[in-house]
Amino acid sequence: MIRGLVSLIALVVLALGYRAWFSDVGYFAVAAMESRVAEQKAITQAIASENDELMHEVIGLQHTLLAVESRARTDLGMVKEGESFFLVVDAD
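Just so we're aligned, residue 1 is where the sequence shown starts under my numbering, counting upward by one.
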């Protein structure tokens, strides 16, 4: 009788231990999920930083005509009326 009860308790403990370690809500699943959450937080932080930079640039372009002019000169190669543009090409 006692041996059967001990065996039953051991079987229950093993079943619960297996579930606590290896089920979809067990230790290893939680550790994997925490790892994915940390990775996603790093990605989100990088995107948020990039968004902040772009927002500052947009605000600058909205409020300053000089910023728009500078952007047009560097990105589009535009020049003002009356200016001369010289393109120097290397011999290589």
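Beta carbons: idealized from backbone N, C-alpha and C, even for Gly.
Just so we're clear, the structure is a prediction, and the values are computed from it rather than from any experiment.
Alpha-carbon to alpha-carbon, A48 and L11
51 Å
Quick check: the Cα distance between V58 and S70, rounded to an integer number of angstroms?
Each residue's Cα considered, the two are about 13 Å apart.
Hey, quick one: how far does the alpha helix (DSSP H) through E83 stretch, first residue to last?
Element bounds for E83: n/a, residue is neither H nor E.
Ends of the alpha helix (DSSP H) at T44?
Where T44 is concerned, the enclosing alpha helix (DSSP H) stretches over Y27 to H63.
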